[in-house]
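Residue numbers (the numbering used here): 1 to 244. Quick reminder that beta carbons are idealized off the backbone N, C-alpha and C, glycines included. Written out below as structure tokens is the structure these notes cover.
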């Protein structure tokens with residue numbers, strides 16, 4: 001019997017997923033791949049509206065140069081990719097880091113979220129890509145573009161933990177040298193797995209000891225916690241250490 005042709009709905013969904021993945025990759029290259037000059041995007045309109053007039057030779061005074069303020073020093077950029085299955089708490093993690101209150105309820109990320117956090121020596125760009133099944137296919141396209149990977153796991157989601165393990169190891173195989181911070185989120189729930197259980201079920205013990213893989217507990221729930229939540233503070237300090 002001849003194979004049945006794909007229905008229009010299946011073709012449409014497949015095409016939409018492909019287009020979404022392409023858009024995500026283009027946005028990543030545009031937003032995070034432009035280099036230091038992207039910090040001056042807000043000033044482009046000013047330069048366009050106020051065209052500078054170069055002084056004539058007889059108008060130039062060397063003493064005027066001494067009064068000019070030195071140019072602002074460009075801060076280097078560090079990129080962090082935040083991944084994990086849908087519902088793990090990735091978006092809440094980004095909101096808490098940026099000082100925003102967590103949103104109530106579970107709102108899945110259908111594309112991506114990004115946060116830029118300045119530090120004394122560099123700027124940290126955190127990019128979260130949605131964890132739904134149709135977006136996981138594109139995760140591997142971004143792994144080689146970042147400095148650190150943060151993988152968020154729902155400690156209470158025992159049913160889907162094997163899926164989380166599978167996706168995590170795919171990413172680990174993609175870039176053997178990439179530092180990875182595994183966030184065991186929702187540790188405050190009574191049904192949450194212990195850190196020892198998670199380390200075993202995620203297969204972290206079998207990884208090469210030369211690799212930088214960290215497992216940290218957190219309770220970044222959608223209701224109540226702030227940046228002062230101990231787990232979030234420890235994660236941020238570790239990220240700064242890895243990025244320095």
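Nearest-angstrom Cα separation, counted from residue j out to residue i
i, j, result
"residue 118", "residue 125", "9 Å"
"residue 232", "residue 101", "14 Å"
"residue 192", "residue 78", "32 Å"
"residue 162", "residue 218", "20 Å"
"residue 84", "residue 188", "19 Å"
"residue 190", "residue 139", "31 Å"
"residue 157", "residue 212", "25 Å"
"residue 133", "residue 74", "38 Å"
"residue 173", "residue 145", "15 Å"
"residue 209", "residue 199", "14 Å"
"residue 165", "residue 230", "25 Å"
"residue 96", "residue 183", "14 Å"
"residue 160", "residue 170", "16 Å"
"residue 109", "residue 86", "8 Å"
"residue 195", "residue 121", "33 Å"
"residue 137", "residue 99", "30 Å"
"residue 76", "residue 241", "15 Å"
Nearest-angstrom beta carbon gap, residue j and residue i [assumed within contact, 8 Å]
i, j, result
"residue 214", "residue 181", "5 Å"
"residue 128", "residue 82", "4 Å"
"residue 135", "residue 115", "So it is not a contact: roughly 18 Å between Cβ atoms."
"residue 168", "residue 202", "6 Å"
"residue 131", "residue 111", "In fact, because the Cβ distance is near 12 Å, the residues do not count as touching under 8 Å."
"residue 185", "residue 154", "6 Å"
"residue 235", "residue 216", "6 Å"
"residue 239", "residue 80", "6 Å"
Those residues which DSSP pairs with residue i across a bridge
i, result
"residue 77", "123"
"residue 116", "125"
"residue 82", "128, 150"
Q.
Counting beta carbon pairs with one atom in the segment 86-102 and one in the segment 150-169, are three or more of them shorter than 8 Å?
A. Judged by Cβ distances under 8 Å, the segment 150-169 makes contact with the segment 86-102, as three or more pairs qualify.
Q: Taking only runs that begin and end inside the segment 149-220, name each unbroken alpha helix (DSSP H) of 4 or more residues, in chain order.
A: 161-174, 195-201
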